[in-house]
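Chains as they are written, first to last, in this note's numbering: chain H, 1 to 289; chain V, 290 to 606.
Using N, Cα and C, we set each Cβ at its ideal position, and we do this for glycine too.
Computed from a prediction, not measured in an experiment: that's the story for all the values here.
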């Protein structure tokens, strides 16, 4: 029997190399860094001796209005408590996350269609190893990117005489765990259908639904609107990773370490359930997935 | 040894493979023939452990093989019909082989890769991306990829499809040389002329059922009931064709230009009888040749018989 870690490592290494050879990857990374730069430099426009004035920068004006409406003023306060870097980190991660998630779904679908996956799993390699390899590739790039952003932010903090404090690092951990949950959702979606388009559509619909449920619920609560939608979202939010992500961030704000840890654990549990389900489905379906 | 017992695969209301019993001995080259949709690919997928049989069992070297026994796949090398080149365009031939060698955990793969590349004359291009390889080069690369881990069984799905004559010869030689090393070779193909050149035994599958299985010669002798004699003559006088058809040993006769094609029973050689008849008519036969029955004809006969059996009528095409 071939050693499972060895095989997964081979697949992961190949997937990492494949990504590094893809020019789109560098465009995405550059785009992420540009976002960090724009936010960091824009922050210097809005910071005043009496506090933050978002009207000084059109981008921040839009961002503030959106975030106040969806997540509340306290969230915003927390976000800028240590300067612009927490926001920069959160926003700049989005392009990379989308790239990793969509490329995983597309690539697996493409490999299924062309028979490449079949060729690989004709050997002593289970489909689940292959999907796990894809998951580890995502993890590798996520960690590398978060480290690079931390380094950049640390440099920025030194230059602008600000600090990278607890909020930045706890947010980074929450983002990391949230990304894990999304990667797990990606695994689950990729084994649900044998067609990449269907897997992608499934992923977009689920993620979109969670996003709408999350932000929609908060907006509804603020407006005290009691309708069916609220009832549905009130239930559905409990399976949404975004819900625990936001709760975890709120827990930091209140200094509730236990709450923070619990939300992280719930996110890890959601990831484990999704990955486990994907693993079981892929083992059951074999190459037929 | 590969053995299947009552192997059956049903997709909803379609029985792709029906009660298939195969026994392929060590060191044998087994040709698996059948028209499109006959159940060849479904059988191969089950033999590779990629698809679960609806019922029946597969034994590899006496041990039961199931989808869960992933490690047993180590004893099988596979050459699929379609090579997914587009997925690995960035790889060189060496990188590609190294990747698969690593997946199969081949110890010290470098010398093995070099040896196989030399064997198929691809060593000189080992560091070139294989996206620009010809179909023949690609097929050879695919075959040596399947041989990297030194499998006991080599399963080839349409290995010579789309190759030029030189490529066909190279692949054929490679298959024969691998068989000489003791490997079981299972070849699925619709190119019957090639199958009959290399296979020790042949199985014909039709609509999921194995309808014939034997050596080439036995299959042909069992299925081909007539010999065909080709005769070139200087001219064909009026009424000559009717006179030949009237001969008691002639089953059928057709004319193409100045060539007569006469079908006669297989009980003995009728060339002398035909030559005498032509001389007696004052004609000189320029050529008399008994055409050897081919596997293709046997295949056509048997599948036609089965079409009739399955449909209850003489369907063609």
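From the listed residues H:22, H:42, H:243 and H:274, the smallest Cα separation to residue 103 (chain H) is found for H:22. For residue 12 (chain H), no chain V residue has a C-beta closer than 8 Å to its own C-beta; the minimum C-beta separation is roughly 11 Å.
DSSP, read as helix, strand or coil, puts residue 373 (chain V) in coil.
Looking only at V:499, V:438 and V:410, the smallest Cα-Cα distance to residue 455 (chain V) is reached by V:410.
For residue 569 (chain V), the uninterrupted alpha helix (DSSP H) run begins and ends at 560-569, by DSSP. The beta-carbon separation of residue 338 (chain V) and residue 362 (chain V), rounded to 5 Å, stays under the 8 Å limit for a contact. Annotation: the stretch 434-522 of chain V contains the following complete segments of the alpha helix (DSSP H) (minimum length 4 residues), in chain order: 454-469, 481-487 and 505-512.
Scanning its chain for C-beta atoms nearer than 6 Å, with the 5 sequence neighbours on each side dropped, one finds around residue 128 (chain H) the residues 279, 282 and 283, in chain order.
In terms of Cα proximity to residue 492 (chain V), the closest of V:319, V:299 and V:390 is V:319.
Taking a Cβ-Cβ threshold of 9 Å, none of the residues of chain V is close to residue 211 (chain H); the smallest such distance is about 32 Å.
A distance below 8 Å separates the beta carbons of residue 522 (chain V) and residue 575 (chain V).
Straight through space, the alpha carbons of residue 296 (chain V) and residue 346 (chain V) are spaced by roughly 6 Å. Residue 348 (chain V) has V:292 and V:353 as its beta-bridge partners, per DSSP. Remark: fewer than three beta-carbon pairs, one from each stretch, lie closer than 8 Å, so the stretch 40-57 of chain H and the stretch 122-141 of chain H are not flagged as touching. Under the DSSP assignment, residue 90 (chain H) falls outside any beta strand (DSSP E), being part of the alpha helix (DSSP H) whose first and last residues are 85-114. What residue 538 (chain V) touches in chain H, judged by beta-carbon distance under 7 Å, is nothing: the nearest beta carbon there is about 53 Å away.
When 7 Å is used as the limit between beta carbons, residue 116 (chain H) is near these residues of chain V: 373 and 376, in chain order. Residue 550 (chain V) carries a strand assignment under DSSP once its states are collapsed to helix, strand and coil.
Secondary-structure assignment with DSSP links residue 304 (chain V) through a beta bridge to V:299. In this structure, residue 309 (chain V) places its C-beta atom within 8 Å of the C-beta atom of residue 293 (chain V). Shown here, residue 337 (chain V) sits in coil according to DSSP, grouped into three states, outside any helix or strand.
Under DSSP, residue 68 (chain H) takes part in no beta bridge, so it has no partner. Between residue 235 (chain H) and residue 393 (chain V), the alpha-carbon positions lie close to 47 Å from each other. Contact of residue 191 (chain H) with chain V is not assigned, every C-beta pair being separated by 8 Å or more. From the beta-carbon of residue 119 (chain H), the residues of chain V found nearer than 7 Å are 369 and 373. Leaving aside the five residues that flank residue 368 (chain V) on each side, the residues in its chain whose CB is nearer than 6 Å to its CB run, in chain order, 431, 432, 435, 445 and 448. Straight through space, the alpha carbons of residue 10 (chain H) and residue 397 (chain V) are spaced by roughly 15 Å. Residue environment: residue 467 (chain V) is assigned as buried (16 or more neighbouring CB atoms within 10 Å of its CB, all protein chains considered).
Two segments are said to touch when three or more pairs of C-beta atoms, one from each, lie closer than 8 Å; by this definition the stretch 149-156 of chain H touches the stretch 30-41 of chain H.
Near chain H, meaning a CB-to-CB distance below 9 Å, the residues of the stretch 319-348 of chain V are 334, 337, 338, 339, 340 and 341. Contact with chain V is found for residue 21 (chain H), since one of that chain's Cβ atoms lies less than 8 Å from the residue's Cβ.
With respect to chain V, the C-beta atom of residue 111 (chain H) has a partner C-beta closer than 8 Å. About 5 Å separates the CB atoms of residue 188 (chain H) and residue 274 (chain H); that is less than 8 Å, so the two are in contact.
If you draw a straight line from the Cα of residue 105 (chain H) to the Cα of residue 481 (chain V), it is about 40 Å long.
Contact annotation, residue 81 (chain H) with residue 40 (chain H): C-beta distance approximately 15 Å; criterion of less than 8 Å not satisfied.
Interface criterion not met: the Cβ of residue 305 (chain V) is under 8 Å from no Cβ in chain H.
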